Structure formats: structure tokens, C-alpha cells
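Student: Numbering (full-length UniProt numbering), first residue to last: 1 to 249.
Where is the CB? At the ideal position from N, CA and C, for every residue including glycine.
Being a predicted model, the structure only gives us computed values, none of them experimental.
One structure, pasted below without further comment.
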């Protein structure tokens, strides 16, 4: 794989990598940036796929813009990426990480796509405090991500905000409820990847999604070592190869 010699601002931006007429729409997670899926994007492009890594509204810019964004803005960002890929691709595969997988599932519920990949899908979260964001937002403006030591190679791609607007958590919850309500509309071939050691997402999300989707082809892959950010952590190459195998099947 190519060494990504990009500065932080470049890594935060959306990116387009031209390949054949099979297009992959990559969607990053909550408060994050396209950087977290950059390596996966380059890996898939080297396999011949056209790749578009979308940047969600309010992400990778400023915390104030994030706070002003709604889940409908995030959906519009993804729909824009979908329409962009359709201009040059005859097949569309939608791949999302964390909240990005919710948006990928939303696209699968509402559009005719060829395959959908949900990486660390946060349908059920371990921390339930966020469920009360609709009230907490009136008393507290920001929440903090818990501190976590990481290798430098992982930090390179974790360029999201170091705090979270509580209002944005409320928007995330609204998106999650909307997607969960319509999971039976997911009929495209579905691939779910989740780590047992994810400290954010409850592994029960895997079976919840697997059982609710009506896809005739459904596969799941359970990782044993890494945490939530499976596209940049120790099992990332297993993830890349598993996604490629699913897309190529």
C-alpha cells in the first residue's frame, strides 16, 4: 500500500481515487474525519475500485460548525457523495465506520445500492448516558472523549475533535433511531465487522443488525484484538482484506 505522505489538513479533507466502474463510498464516524478510512480507501483503490471518501457536514472544520449541524445535514453529505459516485460508476458499494455505518445503512434503506458494509455499527452503545443528551444539552454544552494512549501511527489518522457538542449527541441519537426503525428495508448484500474489545459499541449490535436486515446475503466478521477504530488499529489489514473479499465475491 502507498505510504500516505499527507499533512493533517489534507487528511481531513474528502478524497477521490479513480478506478474502474465499481465505486466505494467511504463514510467516517461521529466527530471524526475522512482520515480514519484513508488507508482502507487507498487499499481498495489499489485493488481497482473507484473510491470517494466523503466528509460529513460540520466535521474536520470547527467545533462550532459541528454543533450547528444536524443528522439531516450528515445525510445530505452522504447523498451528495452517492450522487457524485454515480456519475462515473455503474456499481456502488457503501462502507461506513461507526456513525458512518448508520449513514451507510440509511443509504441502503432508501437507495438501490449493490452492497453495504457496516464497520463497528453503533446500534447499541455500551455507555447509556448519551441517551439523555436531549436533556443534558440544556445544562452542558460539551462532553469530553475519555483519554486514551495510542501509538503514533494510529494518532496520525485520528484527527477529530477532542470534545463533543452534547447537541450533536442528540442528533446522533435521532439518526440511530431512524435507521433502526427501517432496518428491514436493508436488502442489499450486507457485511458487518465488529471487535469483541470495542469499548464504545456493544457487540449485541451485530446480531441486532444481522437479524433485522432482510438482505439475502448477510455476513459478519468478529475481531478479537482491536478496539473501536478497527480501520486504523492492530487488525486493520484483516479488516481491509475481509472487506475486499466481500466486495469481490
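(1) Output the residue ranges of the beta strand (DSSP E) runs that lie fully inside the segment 38–120 and measure 3 residues or longer, sorted by chain position.
(2) On the DSSP bridge assignment, give the partners of residue 195 in chain order.
(3) Buried or exposed: which applies to residue 217, given that a residue is buried once 16 or more other Cβ atoms fall within 10 Å of its Cβ?
(4) For residue 19, list the residues DSSP reports as bridge partners.
(5) Pick from 73, 160, 108 and 86: whose alpha carbon is nearest that of residue 11?
(6) Quick check: the Cα distance between residue 226 and residue 200, rounded to an integer number of angstroms?
(7) Just the C-alpha distance for residue 234 and residue 83, rounded to the nearest angstrom, thanks.
(8) Report back the beta-carbon spacing between residue 30 and residue 99 to the nearest angstrom; my notes put them in contact at under 8 angstroms.
(9) Roughly how many angstroms separate the alpha carbons of residue 203 and residue 127, rounded to a whole number?
(10) My guess is that residue 85 and residue 50 are in contact by the Cβ rule of under 8 angstroms, so how many angstroms apart are they, rounded?
(11) Check residue 203 in the structure and name its three-state DSSP category.
(12) Which residues does DSSP pair with residue 27 in a beta bridge?
(13) Just the Cα atoms here: how many angstroms apart are residue 117 and residue 194?
(14) For residue 164, name the three-state secondary structure that DSSP assigns.
(15) How many angstroms separate the CA atom of residue 164 from the CA atom of residue 236?
(16) Compare the beta carbon distance of residue 77 and residue 56 with 8 angstroms and say whether it is the shorter of the two.
(17) From this set, 16, 33 and 18, which residue's C-alpha is nearest residue 9's C-alpha?
(18) By Cβ distance below 7 angstroms, which residues in the same chain neighbour residue 210 in space, the five residues on each side in sequence not counted?
(19) For residue 63, I'd like the list of residues in its chain whose CB is within less than 6 angstroms of its CB, leaving aside the five on either flank, ordered along the chain.
(20) Among 119, 110, 197 and 147, whose alpha-carbon lies nearest the alpha-carbon of residue 36?
(21) For residue 107, count neighbouring Cβ atoms within 10 angstroms of its own Cβ and tell me buried if that reaches 16, exposed if not.
(22) Of the residues 232, 238 and 212, which one's Cα is nearest the Cα of residue 223?
(23) Going by DSSP, what residue range makes up the alpha helix (DSSP H) through residue 276?
Tutor: Checking against the coordinates, here is how it stands:
(1) For the segment 38–120, the continuous beta strand (DSSP E) assignments of 3+ residues that do not extend past its boundaries occur at 50–54, 91–97 and 115–119, in sequence order.
(2) Here the question's residue 195 lines up with position 195 in the chain shown. BP columns for residue 195 point to 223.
(3) Within the chain shown, numbered from 1, the residue matching residue 217 stands at position 217. Flag for residue 217 reads exposed.
(4) Counted from its first residue, the chain shown places residue 19 at position 19. For residue 19, which the question treats as bridged, DSSP gives no partner whatsoever.
(5) Locating residue 11 in the chain shown gives position 11, where the first residue counts as 1. Restricting attention to 73, 160, 108 and 86, the CA atom closest to the CA of residue 11 is found in 160.
(6) Taking the first residue of the chain shown as 1, we reach residue 226 at position 226. Taking the first residue of the chain shown as 1, we reach residue 200 at position 200. The straight-line gap separating the alpha-carbon atoms of residue 226 and residue 200 is approximately 12 angstroms.
(7) As a position in the chain shown, residue 234 is number 234, starting the count at 1. As a position in the chain shown, residue 83 is number 83, starting the count at 1. Cα to Cα, residue 234 sits roughly 33 angstroms from residue 83.
(8) Along the chain shown, read from residue 1 onward, the residue named residue 30 stands at position 30. Along the chain shown, read from residue 1 onward, the residue named residue 99 stands at position 99. Between residue 30 and residue 99 a beta carbon distance of about 4 angstroms is seen, short of the 8 angstroms cut, so the two are scored as contacting.
(9) The residue you call residue 203 lines up with position 203 of the chain shown. The residue you call residue 127 lines up with position 127 of the chain shown. Rounded to the nearest angstrom, the gap between the Cα atoms of residue 203 and residue 127 is 13 angstroms.
(10) Residue 85 sits at position 85 when you count from the first residue of the chain shown. Residue 50 sits at position 50 when you count from the first residue of the chain shown. The beta carbons of residue 85 and residue 50 sit about 7 angstroms from each other, so the pair counts as a contact at 8 angstroms.
(11) On the chain shown, position 203 is the one that residue 203 refers to. In the structure shown, residue 203 sits in coil (DSSP, three-state: anything other than H, G, I, E or B).
(12) Within the chain shown, residue 27 is the residue found at index 27, counting from 1. Answer by DSSP bridge pairing, in chain order: 54 and 96.
(13) In the chain shown, residue 117 corresponds to position 117, counting from 1. In the chain shown, residue 194 corresponds to position 194, counting from 1. Whole-angstrom Cα-Cα distance: 11 angstroms.
(14) Numbered from its first residue, the chain shown carries residue 164 at position 164. Strand at residue 164.
(15) The residue labelled residue 164 in the question sits at position 164 within the chain shown. The residue labelled residue 236 in the question sits at position 236 within the chain shown. Computed Cα separation, rounded: 26 angstroms.
(16) In the chain shown, residue 77 corresponds to position 77, counting from 1. In the chain shown, residue 56 corresponds to position 56, counting from 1. Yes; because the gap between Cβ atoms is below 8 angstroms, this pair is in contact.
(17) The residue you call residue 9 lines up with position 9 of the chain shown. For the residues 16, 33 and 18, the minimum Cα distance to residue 9 belongs to 33.
(18) Taking the chain shown and counting its residues from 1, one reaches residue 210 at position 210. Cβ within range, chain order: 192, 218 and 220.
(19) Translated into the one-based positions of the chain shown, residue 63 becomes position 63. Only 161 meet the Cβ criterion.
(20) Walking along the chain shown from the start, residue 36 turns up at place 36. Selection 119, 110, 197 and 147 evaluated against residue 36 yields 119 as nearest (Cα-Cα).
(21) Here residue 107 refers to the residue found at position 107 when the chain shown is read from its first residue. Classification for residue 107: buried.
(22) Position 223 of the chain shown holds residue 223. The candidate whose alpha carbon is nearest that of residue 223 is 238.
(23) This structure does not reach residue 276, given that the chain is present from 1 up to 249, and the question cannot be answered.
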